[in-house]
Amino acid sequence: KEGLRKACDDYIADEIRNSKSEAMRSHEPATWLAQMAEIERYAPLMAYLVRSMQSGAELAKTMWRKMIEDAEVYLEEGVRAGTLKPSRDPKARARYLAITGGGSFLLYLQMHQNPTDLRAVLRDYSHDMILPSLEIYSEGLMVDHTMYDAFLAAAEQGEANAS
497 KEGLRKACDD YIADEIRNSK SEAMRSHEPA TWLAQMAEIE RYAPLMAYLV
547 RSMQSGAELA KTMWRKMIED AEVYLEEGVR AGTLKPSRDP KARARYLAIT
597 GGGSFLLYLQ MHQNPTDLRA VLRDYSHDMI LPSLEIYSEG LMVDHTMYDA
647 FLAAAEQGEA NAS
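Numbering (the working numbering), first residue to last: 497 to 659.
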């Protein structure tokens, strides 16, 4: 039974990584639009993923870690392809995006009028979230770098004091 669960986890992680990698390497909106048009086909994968993540078992934690590692890989592919900006801390960025993405979907699922219909949840989630997320990722949110620069300096100062 444990071997089957591991095989399923690996399959889910591979499917997510492959579709994300394809999108991150593409300069063509058509690639992303095509994936969004087919979002409902991911419902069985997401149903399994959601159950695994909500279980809180060690396997779920392992799967979260794998998804974060995979995010780091496909984000780097996007940087190399010229579709994404490089990060000062690629590991931290991948962790943040994986956790906020996964967490936001789990919260959306809980709030959905029909959380057992994963096809509807995925369709509605993509409809409600894609434009705001693309706006934030493309345009940014803050008007300047003041806060980031201040927090980065404080973090670097803290590291220097710890040494």
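Backbone N, C-alpha and C define an ideal beta-carbon position, used for all residues, glycine too.
Quick check on residue i: does DSSP put it in helix, strand or coil?
| i | result |
| --- | --- |
| residue 609 | coil |
| residue 583 | coil |
| residue 638 | coil |
| residue 578 | coil |
How is the alpha helix (DSSP H) around residue i delimited, first residue to last?
| i | result |
| --- | --- |
| residue 654 | 642-658 |
| residue 623 | 614-635 |
| residue 520 | 498-521 |
| residue 525 | 525-533 |
| residue 544 | 539-551 |
According to the neighbour-count rule (16 or more other Cβ atoms, all chains shown, within 10 Å of its Cβ), is residue i buried or exposed?
| i | result |
| --- | --- |
| residue 548 | buried |
| residue 617 | buried |
| residue 654 | exposed |
| residue 520 | buried |
| residue 632 | exposed |
Considering only residues of the same chain and omitting the five flanking positions on each side of residue i, which have a CB-CB separation below 7 angstroms?
| i | result |
| --- | --- |
| residue 568 | 586, 587, 590 |
In chain order, what residues of the same chain lie with their CB nearer than 6 angstroms to the CB of residue i, ignoring the 5 residues before and after it?
| i | result |
| --- | --- |
| residue 563 | 594 |
| residue 621 | 604 |
Quick one: residues in its chain with C-beta nearer than 8 angstroms to the C-beta of residue i, no 5 flanking neighbours on either side, listed in chain order?
| i | result |
| --- | --- |
| residue 598 | 549, 560, 563 |
| residue 619 | 535, 536 |
| residue 565 | 590 |
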